[in-house]
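Number of protein chains: 2
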Amino acid sequence: MIASNTSCIVERFSSFTPLNETETKLLAALESDPREYADGACLAEPGSRANRFFTLKSGWACATRTLANGQRQILDIFLPGQILGLREMSFEYNLSEFRALTNLVACPFPRQHLSDIFEQSPKLTDLFFMTLAQEQSMLIERVVNIGRRTAAERLAHFIVELKVRLNQTSEQFSLPLKQSVIGDTLSLSSVHVSRTFKTLNQRGLITMADGVVRINDLDALVEFAGFDRSYLEGHCHWTKNIDMAAAAS
Amino acid sequence: MIASNTSCIVERFSSFTPLNETETKLLAALESDPREYADGACLAEPGSRANRFFTLKSGWACATRTLANGQRQILDIFLPGQILGLREMSFEYNLSEFRALTNLVACPFPRQHLSDIFEQSPKLTDLFFMTLAQEQSMLIERVVNIGRRTAAERLAHFIVELKVRLNQTSEQFSLPLKQSVIGDTLSLSSVHVSRTFKTLNQRGLITMADGVVRINDLDALVEFAGFDRSYLEGHCHWTKNIDMAAAAS
DNA sequence: CGTGGGGTTGATTCTTATCAATTCGGGTGG
DNA sequence: CCACCCGAATTGATAAGAATCAACCCCACG
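Here the protein sequences come in this chain order: A and B. Going by my numbering, the first residue of the first sequence is number 48, and it counts up by one from there. Going by my numbering, the first residue of the second sequence is number 48, and it counts up by one from there.
This is the structure in C-alpha cells:
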C-alpha cells in the first residue's frame with residue numbers, strides 16, 4: 048500500500064511563501080502518481096533520456112556517478128519532499144543514476160509538468176530556482192568537505208547536516224544507510240567509515256547503534272566539523288516583488 | 048581603460064536561443080557598469096549581504112571558501128561571460144568569497160536587475176535556470192574529480208575541462224593560474240601540483256611552459272582523465288513552449 | 001646586484017586505501 | 001532450537017598517495 052496522501056512538495060514550498068490554489072494544484076500534479084520502489088532499486092539510469100523526474104514522498108534515495116574503473120561517488124542524498132533530477136532538466140540525457148537507499152515511495156512525473164509550472168507561475172519558478180540554488184550550496188559544502196576535511200571531520204559534518212536537514216530536535220535520529228553508502232558519499236572506504244565512527248565515539252561526540260545515531264554533544268560536534276548551517280537556509284527574495292507586481296496589474 | 052563593449056552575456060545566451068530586443072536590453076543592463084579589478088582583488092566578501100552580483104567581461108575569477116584553519120577551497124573558476132554569485136541569489140548573505148585571478152573587467156549589478164528579468168521574461172528566467180543547472184553539473188564533476196580521481200587524473204580532467212570551456216580548438220591555450228590556485232581548486236598542495244605536471248609531461252600528455260599548456264595528445268588525455276564532455280552541454284528545453292504560448296496569446 | 005615570489009626537487013610523515021581475517025546479526029531451512 | 005549462510009561491521013597489517021618541510025633554482029623587478 049502507498050503512504051500518506053499529503054503532498055511533501057506543497058508542504059515544503061509553502062513553508063517559504065504562501066501559495067494560492069492554482070499554485071498548490073500545479074505542485075500537487077507532481078505527486079499524483081505514487082509508486083513503491085525497493086531498497087536498491089534504480090529509478091533512472093545514467094545516459095537515459097532526462098524526461099522523467101521524481102518527487103520523493105517517503106524513504107531515502109541518492110544520485111550517483113560510477114566511473115569507468117567501478118568507483119562510485121554519491122552526489123546527493125535525497126530526503127522526503129525533495130525532487131530527484133531537477134538539475135538534469137537542462138540536459139538531454141541523465142548525467143547520474145538515481146537509486147533507492149531504502150524502500151521508498153516516489154512519484155514519477157514528466158518534464159512537461161515542470162514546463163507547465165514555469166509557464167504558469169513565476170512564483171513557483173522562483174521557488175524552483177531557489178531549490179536548485181540550495182542544492183548547489185549543499186554540493187559546495189560537499190566539495191569543501193571532501194576536499195579539505197579529514198575523515199572524522201567529514202563524517203561529523205555529514206551527520207550534523209543530516210540532523211539539520213531532517214529537522215531533528217531530539218539528540219538522536221535514524222540513519223538507514225550502510226557504511227559503504229556513507230563511504231561513497233564522503234569519498235572514504237567503508238572500512239575507514241567504520242574506523243571513523245569509532246573515533247568519533249571515542250571522542251565522546253556520537254554513538255551509533257542499530258542504525259540510530261545519538262549525538263552526545265551537539266555543540267562539540269558542530270565545532271569539530273566546522274559546520275555552519277547558513278548554507279542550508281535558502282530564501283525566496285524577489286517573490287514579494289512579483290506578488291506586488293501581480294497585485295498592481 | 049575598459050575593454051570591449053559587446054555584451055558577453057547576450058552573446059552567450061543568444062547562442063542557446065534567439066533573443067528579442069526587450070530581452071537583449073534586459074540582459075545588457077547587467078553589463079552597464081564595467082570596472083577594472085587587479086589580480087588578487089576581492090570582489091565580494093563572504094558573509095556580506097548578497098545584494099550585488101557581477102558579470103565577468105574579461106579575465107579570470109574564482110569563488111572560494113576559507114576554513115577556520117586557513118585552508119582554502121576554490122569552488123568555481125569563472126571565465127568571461129559568466130555570472131559571479133548567481134547561486135548566492137537565494138541566500139541572504141554570501142556564502143563564498145569572489146576574487147580576481149588575473150586583472151579583469153567585471154560589471155557589478157544589483158539584485159533588482161535579476162528580479163526585473165525574472166518578472167519580465169520567462170524565457171530569460173529559463174536561461175538563468177539552465178545556467179544554474181550547468182554550474183551545478185560542473186560542481187558535480189568537481190566532486191567526482193576530487194573524491195575519486197588521483198592527482199594526475201584530476202589535473203588532466205581540469206585541463207580538458209578548461210580547454211572545452213574556453214572553446215579552444217588549437218592544441219594549446221594560456222593558463223594564467225598559479226599552481227597554488229590550481230591546487231586549491233583540485234584539493235592538492237601546490238608542491239604536488241608541480242610534481243603532477245611533471246608526471247603528465249613525462250607521460251607525453253601535456254607540456255606546460257610560460258603559462259601556456261600544450262596538449263600533445265588530446266584523445267589520450269581525455270581517456271586518461273575519464274572526461275565526458277556531456278556535463279558541459281546544457282539545453283534550453285521548454286523555451287519553445289513558452290514562445291508558442293506567447294505567440295498564441 | 002639584491003630581493004622575493006613562484007616553481008622544482010628530495011626526504012619524511014601522515015592519512016587513508018587495500019587486503020585479509022574475524023565477528024556479529026538476521027534470515028532460512030532442517 | 002539449532003546449524004548454516006550471508007551481508008555488514010570491525011580489526012589489524014601493509015602499501016600507496018599526497019602533505020609537509022626544507023633547500024634550492026630561476027627570473028622578473030627594484
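Using N, Cα and C, we set each Cβ at its ideal position, and we do this for glycine too. Keep in mind that this is a model prediction, so the values were computed, not measured.
Asked: Identity of the residues DSSP links to ALA180 of chain B by a beta bridge; Found: Answer by DSSP bridge pairing: none, since ALA180 of chain B is not bridged.
Asked: Proximity of GLY258 of chain B and MET177 of chain B at Cβ, strictly below 8 angstroms; Found: no
Asked: VAL190 of chain B vs ARG189 of chain A beta-carbon contact at 8 angstroms; Found: yes
Asked: CYS109 of chain A, buried or exposed, once every other Cβ within 10 Å from all chains shown has been counted against 16; Found: buried
Asked: Complete runs of the alpha helix (DSSP H) confined to the region 133-221 of chain B [at least 4 residues]; Found: 158-167, 169-195, 198-212
Asked: Within 8 angstroms, strictly: CB atoms of CYS283 of chain B and LEU174 of chain B; Found: yes
Asked: LEU73 of chain B versus B:LYS170, B:MET255, B:HIS204, residue with shortest Cα-Cα distance; Found: B:LYS170
Asked: Chain-ordered residues of the region 203-229 of chain A with a beta carbon less than 8 angstroms from chain B; Found: none
Asked: Identity of the residues DSSP links to LEU103 of chain B by a beta bridge; Found: B:ALA153
Asked: Cβ pair HIS204 of chain A, ASN214 of chain A closer than 8 angstroms; Found: no
Asked: Close beta carbons around ARG201 of chain B, own chain, < 6 angstroms, minus the five adjacent residues each side; Found: ASN192, LEU233
Asked: Residue(s) in a DSSP beta bridge with VAL228 of chain B; Found: BP columns for VAL228 of chain B are empty, so no partner.
Asked: Where the alpha helix (DSSP H) containing PHE125 of chain A begins and where it ends; Found: Element bounds for PHE125 of chain A: not the alpha helix (DSSP H) but the beta strand (DSSP E), 119-125.
Asked: Closest Cα partner of SER54 of chain A within the set A:PHE145, A:ASP86, A:ASP266, A:LEU103; Found: A:LEU103
Asked: Contact set for ARG276 of chain A: own chain, Cβ-Cβ below 6 angstroms, skip 5 residues either direction; Found: VAL211
Asked: Interface residues of chain A facing SER95 of chain B [CB-CB closer than 7 angstroms]; Found: Simply none; closest approach about 13 angstroms.
Asked: Alpha carbon of ASN67 of chain A to alpha carbon of ALA76 of chain A, nearest angstrom; Found: 14 angstroms
Asked: Three-state secondary structure assigned by DSSP to CYS89 of chain B; Found: strand
Asked: Top-ranked residue by Cα proximity to ARG250 of chain A, from A:LEU126, A:ALA199, A:VAL228, A:GLY106; Found: A:ALA199
Asked: Continuous alpha helix (DSSP H) stretch holding ALA75 of chain B: start and end; Found: 68-75
Asked: For GLU58 of chain B: DSSP bridge partner residues; Found: GLU58 of chain B is not bridged to any residue.
Asked: Identified DSSP bridge partners for ARG250 of chain B; Found: The partner list for ARG250 of chain B (beta bridge, DSSP) is empty, contrary to what the question assumes.
Asked: Other residues of its chain near SER296 of chain B: CB distance less than 8 angstroms, five sequence neighbours each side excluded; Found: The pLDDT assigned to SER296 of chain B is 43, lower than 50, so where the model puts this residue is not dependable; a value taken from the coordinates is nonetheless given after this. The answer is none, since no qualifying residue turns up.
Asked: CB contact below 8 angstroms: GLU139 of chain A versus chain B; Found: yes
Asked: Neighbour flag for MET8 of chain A against chain B, beta carbons, 8 angstroms; Found: The requested residue 8 of chain A is not part of the displayed model; chain A covers only 48 to 296.
Asked: PRO169 of chain A: contacting residues in chain B (beta-carbon distance under 8 angstroms); Found: PHE165, GLU166, PRO169, THR172
Asked: Other residues of its chain near GLU158 of chain A: CB distance less than 8 angstroms, five sequence neighbours each side excluded; Found: It should be pointed out that residue 158 of chain A corresponds to Arg in this sequence rather than to Glu. Correct list, in chain order: ALA97, ASN98, ARG99, PHE100, MET136.
Asked: Where the alpha helix (DSSP H) containing GLU270 of chain A begins and where it ends; Found: 265-272
Asked: Three or more C-beta pairs below 8 angstroms linking the region 259-272 of chain B and the region 119-136 of chain A; Found: no
Asked: GLY281 of chain B (DSSP reduced to helix, strand or coil); Found: coil
Asked: Chain B within 8 angstroms of HIS282 of chain A, Cβ atoms only; Found: yes
Asked: Helix, strand or coil at THR111 of chain B according to DSSP, with G and I counted as helix; Found: strand
Asked: ASP290 of chain A at chain B interface by Cβ criterion, 8 angstroms; Found: Summary for ASP290 of chain A: the model assigns pLDDT 48, below 50, so the residue's position carries little reliability, and this model does not support an answer.
Asked: 8 angstroms Cβ cutoff, GLY87 of chain B in contact with chain A; Found: no
Asked: Cβ neighbours of GLN167 of chain A in the same chain (closer than 8 angstroms, five flanking residues each side left out); Found: THR69, LEU73
Asked: GLN129 of chain A at chain B interface by Cβ criterion, 8 angstroms; Found: no
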